[in-house]
Amino acid sequence: MICEKDFDYSFDENACEKCGGKCCTGESGYIYASKEELEAIATFLNLSFETFKEQYLIKVGFKYSFKEAKYENGYRCIFFDTMYKKCLIYKHRPKQCRTFPFWEYFKTHKEELKKECIGVCFH
């Protein structure tokens, strides 16, 4: 069970195996990563940054976000493996993904979080 200071819930990371990737699929959204994170992912994929950028990223203002693909009744992150229901870059995923579900947003949107994540346990 993972707990974070100032959050009134904890997270059971073992629930991810049963979930099927709700945090990686659903409504369209942005998955941002820092330049350092993007460079590390490109290296992990054995791609030049330019090739990685062309294949996997979209420009959003001054930032980059991962591309999405249509999936079921919505979208999925380009790195979500639909067969095995897991992240293809899990060890190199960006901070936005690593910190889920401990986002400030969910402190005031608990009902939304309950629908999104079966691993959350409210205290």
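Using our numbering, the letters of the sequence shown map in sequence onto residues 715 to 837. Quick reminder that beta carbons are idealized off the backbone N, C-alpha and C, glycines included.
When the alpha-carbon of E768 is set against those of K781, N760, F776 and K777, the nearest one is in K781.
By the 16-neighbour rule on beta-carbons within 10 angstroms, G833 is buried. Assigned with DSSP and collapsed to three states, L827 falls in helix. In this structure, E751 keeps its C-beta atom at 9 Å or more from the C-beta atom of K800. Here the alpha carbons of K821 and C831 stand approximately 14 Å from one another. Note that the C-beta distance between F766 and C835 is not below 9 Å. With 16 or more other Cβ atoms inside 10 Å of its own Cβ, A756 counts as buried. Less than 9 Å separates the beta-carbon of F794 from that of G735. Unbroken alpha helix (DSSP H) stretches of 4 residues or longer found wholly inside the segment 745-773: 749-758 and 763-770, given in chain order.
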